[in-house]
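The structure under discussion appears below in the form of structure tokens.
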Amino acid sequence: MDGTWTIGELADHAATTLAAHDSPQANGRVRDLPNERLIRWYTTIGLLDPPLGRRGRTALYGRRHLLQLVAVKRRQAAGRSIAEIQVELAAATDETLERIAALPPSSSGESPPREGFWRHRPDISHRPATVPAALPGHHPPRPTVVQGVRLAPDLTLLLETTDLSDDDLNAIDSAARPLVEELRRRGLVAPPESATPPRRSQ
1 MDGTWTIGEL ADHAATTLAA HDSPQANGRV RDLPNERLIR WYTTIGLLDP PLGRRGRTAL
61 YGRRHLLQLV AVKRRQAAGR SIAEIQVELA AATDETLERI AALPPSSSGE SPPREGFWRH
121 RPDISHRPAT VPAALPGHHP PRPTVVQGVR LAPDLTLLLE TTDLSDDDLN AIDSAARPLV
181 EELRRRGLVA PPESATPPRR SQ
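And the structure:
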């Protein structure tokens, strides 16, 4: 292990970590243990950072991804909605994620991934705000909740809406088909898994 994991290994680490810590899924609020589909969706809506890089076509993940994934599940187990978790964890530092995820020692034994400085989120908590917090009526912008529409196995359209009808999906399919075909010709997206219309990412 070089400090990075495949998406399947990340899912296994997260599931093992959650099972070893009082199984927060047991309260019935959280339906899904982490799996590859869930990880991809969380990445699409910004709950997980993009992969650190790729080995061929295999995406690679690191310890921060594990912290993010476990932190999300802890918050879900506490009854928080995805929208609330997005707001709380959108720019969370590693220290914040460590506190929320509360990884047991056995989950922390892997050496952290060897990343460049540009991959780390800076801790900006000590920096002055650009707009004084004391100004009356000033509220910092909140992260936007988006919905993903899967156009191809590795191509997702993000929309700032929570209400898509079947007619909307059919229209998106018709409009996006030439783009998807061109991207496939260029080898930028994977071949189709099946001839199915686009679907909401969940």
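Residue numbers (full-length UniProt numbering): 1 to 202.
Cβ atoms here follow ideal geometry from the backbone N, Cα and C, with glycine treated the same way.
Residue i, enclosing beta strand (DSSP E) - first and last residue
i: L60; result: 58-60
Residue i - partner residues in DSSP beta bridges
i: R55; result: T58
i: R186; result: None, per the DSSP bridge assignment.
i: V70; result: Its beta-bridge partners do not exist; DSSP assigns none.
i: A152; result: L155
Inter-residue spacing [alpha-carbon to alpha-carbon] between residue i and residue j
i: D167; j: A102; result: 44 Å
i: A19; j: I39; result: 17 Å
i: L157; j: A176; result: 9 Å
i: D173; j: P105; result: 47 Å
i: A171; j: V180; result: 14 Å
i: N35; j: A11; result: 5 Å
i: R63; j: H13; result: 10 Å
i: P51; j: S165; result: 31 Å
i: P153; j: G187; result: 13 Å
i: P178; j: L151; result: 11 Å
i: G28; j: V72; result: Note that G28 has pLDDT 44, beneath the 50 cutoff, so the model's placement of it is unreliable and the number below is only indicative. Cα-Cα distance, rounded: 15 Å.
i: R54; j: L60; result: 6 Å
i: A78; j: A190; result: 37 Å
i: residue 210; j: I82; result: Any question about residue 210 goes unanswered here, given that the chain covers just 1 to 202.
i: V87; j: E9; result: 27 Å
i: G3; j: L155; result: 27 Å
Burial state of residue i (16 or more Cβ within 10 Å)
i: T58; result: exposed
i: A26; result: Unreliable positioning characterises A26 in this predicted model, as indicated by a pLDDT of 42, which lies under 50. A coordinate reading is not provided.
i: G148; result: buried
i: A90; result: exposed
Identity of the residue in the options nearest residue i by Cα
i: H65; options: L33, T43, E88; result: T43
i: R37; options: L179, A15, I7, L155; result: I7
i: L67; options: G79, I100, R55; result: I100
i: L69; options: I45, A190, R150; result: I45
i: L97; options: G79, D49, G53; result: D49
i: I85; options: R74, D94, T93; result: R74
i: T93; options: L47, R185, T16; result: L47
Near the ligand COA: residue i beta-carbon under 8 Å from a heavy atom
i: Q86; result: The ligand COA is not among the ligands present in this structure, which contains no ligands whatsoever.
Extent of the continuous alpha helix (DSSP H) run through residue i
i: G8; result: 7-19
i: R80; result: That residue, R80, is in no alpha helix (DSSP H); it is neither H nor E in DSSP.
i: I100; result: 94-101
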